[in-house]
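As given, the protein sequences belong to chains U and R, one line each in that order. The numbering used here puts the last residue of the first sequence at 325; the count rises by one with no breaks. The numbering used here puts the last residue of the second sequence at 1325; the count rises by one with no breaks. Notes to accompany the following structure.
2 protein chains.
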Amino acid sequence: MNLGPGKEFDRIRAIIARVAEITGDGSGLGDDCALIPLGATTLALSIDSSVEDVHFRTDWLDFKEIGFRAAGSAFSDLAADGASPIGVLVSIGLPTADGKEGGDTDPAAEIMAGVATMARNLAARVLGGDLTRADKYSVDVCVLGTADHPVRRSGAREGDALWVTGYLGGAALALERLRDGQRMSTPLRNRFACPEPRIAAGRWLAQHGATAMIDISDGLSADAQHLSAASGVGIEINLEHIPCWEGVEAMAAVASGEEFELLVTMPPTFGDASASAFRGETGMELSRIGTCMRSTGGRRGGVRLLDRNKPVPLPQGYDHFASPQ
Amino acid sequence: MNLGPGKEFDRIRAIIARVAEITGDGSGLGDDCALIPLGATTLALSIDSSVEDVHFRTDWLDFKEIGFRAAGSAFSDLAADGASPIGVLVSIGLPTADGKEGGDTDPAAEIMAGVATMARNLAARVLGGDLTRADKYSVDVCVLGTADHPVRRSGAREGDALWVTGYLGGAALALERLRDGQRMSTPLRNRFACPEPRIAAGRWLAQHGATAMIDISDGLSADAQHLSAASGVGIEINLEHIPCWEGVEAMAAVASGEEFELLVTMPPTFGDASASAFRGETGMELSRIGTCMRSTGGRRGGVRLLDRNKPVPLPQGYDHFASPQ
């Protein structure tokens, strides 16, 4: 699996190589989900970790939101492969002095209540879990689903168009407001606190010929590079076509991470009429923002950002590993 | 799901109740694995967390051993349900100042090398993973398998005999030596450092009529209470029949946690000839240590420990949540 550039991804590449040394196979690693053909269907699995002071702060979110958000982020990986959720397993790390002795609600129970709410919203089940003592709160979520038309990152072809669901930049704006201790509208706060995995959208796109798909967790710019590297195509993105959250500049929208919208390539036959059908059936926006070109090679995966036909530099991706909140 | 007594399990009971409030169903929770019928087979999934200074110390184990042990502990849950492994997903928490900048091997890559070695030993695949910044090392492992004859904790019946694989007490003895900084033999050290999940044994027992099964992670005494509570039977254990690791007293063997041996109930038709067949086919010991009785009710699940027919008090279980190493 080819990933886009970045120190975090260099490290993952080295880890995959070390695993392949031992098992003789690292080919399936690095995508949003593991895909395992089983009988008449394909299982999709993903694991996703949320850690206090890296992914969330307990003074920004209540424990139910922390669980809801962690589960949503994991289910978003199923959406990115066009999968339907079956259920979720959760491992929770809990500080020993976490207040539950005081007769208040148990943070672990509230985190699981958030996970359960997200699961119920998606008609999925809470399958199991584990509790561990830890210095900080952590929520590791493993999701399971099935995909009749699994979509990887690697199937984009020259001539395919690049589309994105929803509006981008709200997550970064909400995070900025939280950091500054500013008030904000509920819809904006929810872009950070209660992200909705695009399960129905992912399934619809998979059924309608999606060639490659990824959820926007590292930022559109970085995730387009992953898709480009995995598919071996160049990608041109038109900045003026980026659907921006209200009050967000296009360059900020392109850099914003943990958006959990879907970035997808569709064949040339997928046009405006198909996009209208998508909107009608899912109630979501779908915007054409670029085109897949012949690969220009190289590690940067050939992603070019154009502002009214003038090349502009790609913004830095959202590096979960380097950016404390 | 009924669990045995203990503060850790009270907390888990409360969490399961909170989840059931929201989803309307908590029935499958609390067993070793989640079991999901799918097509002609049953999927088995489990998540298991290992945290630095709770489950391991970096001055006791190298990073490859940390990965191997964490994966082994998770695969042991598949063994306890009689499942065959398919693969493993791993979420790793890494301290930022973890030395990998110094040009040395990357701890994350070594942890994954240990996971990959365990997976290869069991003909399973490394399916995916996630990296997160954290204050301490943590390894969350989610395992996937299939079970043609899934065995839960809840199927034991009056008259079934209680059996256990291998020899007990080595894990606690090794841990004691590690704590005291004493040298020990490699086989003893491996009881803690490189536990082997009893996959083949679990599958054999499932195919030969096991009515209930659990892996010994909380200690035989506590795990017998889980099995008793889940099945609604009383259990009498004969202390003099406990197969002890060399140099370990029976009471210490009964209390020793993270043994990863299997505690299993077999129908009365399963006798000495069957146990011999097990030994011949798996190369492992199997000892009859007790009997399932009519339930005496109550939260202690009716587990009685007998030393040559004289009742003796049950030792305290191994509480992962209360006992730092």
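Each residue gets a CB set at the ideal place from its N, CA and C atoms; glycine is no exception.
Measuring CA to CA, which of S287/U, R304/U, A253/U is closest to M293/U? R304/U
In the DSSP assignment, what are the bridge partners of D1215/R? L1262/R
So, are the CB atoms of I1199/R and P1095/R less than 8 Å apart? no
With DSSP collapsed to three states, give me the class of S256/U. coil
On a Cα-Cα basis, can you pick out the residue from L29/U, L89/U, R157/U that is closest to I1047/R? L89/U
Less than 8 Å between the CB atoms is what I'm expecting for S91/U and A1134/R, so what's the real figure, rounded? Actually they do not touch by this definition, with Cβ atoms about 13 Å apart.
Would you report the Cα separation of A1156/R and P1311/R, rounded to the nearest angstrom? 22 Å
Please go through the same chain and pick out, in chain order, the residues whose beta-carbon is closer than 6 Å to the beta-carbon of D307/U, but skip the five residues on each side of it. L239
Are the C-beta atoms of G1102/R and some chain U residue less than 8 Å apart? Legend: pLDDT at G1102/R = 46, less than 50; position of this residue unreliable, value from coordinates given subsequently. No, G1102/R does not count as interfacial toward chain U.
Quick check: L1227/R and L1263/R, are their CB atoms within less than 8 Å of each other? yes
For S49/U versus G1280/R, is the C-beta spacing smaller than 8 Å? no
What beta strand (DSSP E) runs, 3 residues minimum, are completely inside the stretch 2-29 of chain U? none
Endpoints, alpha helix (DSSP H) assigned at S276/U: 272-282
How about L314/U: is its C-beta nearer than 8 Å to some C-beta of chain R? no
Own chain partners of G129/U with C-beta closer than 8 Å, once the 5 adjacent residues on each side are dropped: L89, V90, S91, I92, M112
Would you report the Cα separation of N1190/R and T23/U, rounded to the nearest angstrom? 22 Å
Below 8 Å between beta carbons: does that hold for A201/U and T282/U? yes
First through last residue of the alpha helix (DSSP H) which encompasses N1190/R: 1186-1193
Reference A83/U; option with closest CA among E258/U, A210/U, S274/U, G290/U: A210/U
Residue nearest to A119/U in terms of C-alpha spacing, selected from D1025/R, P1187/R, M1284/R: D1025/R
Using 10 angstroms around the beta-carbon of R1153/R, count the other beta-carbons present and answer buried if the total reaches 16, otherwise exposed. buried
Can you find a CB in chain U that lies within less than 8 Å of the CB of G1087/R? yes
Is G257/U near D215/U, with beta carbons less than 8 Å apart? no
Expressed to the nearest angstrom, what Euclidean distance is found between the alpha-carbon atoms of A161/U and A1079/R? 47 Å
Contacts that L1029/R makes with chain U (C-beta to C-beta distance below 9 Å): V126, L127, G128, G129
Quick check: what's the CA-CA separation for A1322/R versus T265/U? Low local confidence applies: a pLDDT of 43 at A1322/R is under 50, so the model's placement there is unreliable, with the coordinate-based value given in what follows. Going by the C-alpha atoms only, they are around 51 Å apart.
Using only the alpha-carbon positions, how far apart do G21/U and V1115/R sit? Going by the sequence as given, residue 21/U is Glu instead of Gly. Rounded to whole angstroms, E21/U to V1115/R spans 12 Å at the Cα level.
Is the Cβ of A109/U closer than 8 Å to any Cβ of chain R? yes
Chain A contacts made by the stretch 136-161 of chain U, where a contact means CB separation under 9 Å: Absence of chain A from the displayed structure is noted, the protein chains being U and R.
I1012/R beta carbon less than 8 Å from that of L131/U: yes
In its own chain, which residues sit with a C-beta less than 8 Å from the C-beta of I16/U, not counting the 5 before and 5 after it? M1, G26, L29, G30
Where F1260/R and P1197/R are concerned, what is the direct C-alpha to C-alpha distance, given to the nearest angstrom? 6 Å
Taking 7 Å as the limit between beta carbons, can you name the residues of its chain near E1052/R, skipping five residues before and five after? T1058, K1136, Y1137, S1138
Are the C-beta of T23/U and some C-beta of chain R separated by less than 8 Å? yes
The beta strand (DSSP E) spanning D1328/R covers which residue range? Residue 1328/R is absent from the structure shown; chain R starts at 1001 and stops at 1325.
Can you find a CB in chain U that lies within less than 8 Å of the CB of D1218/R? no
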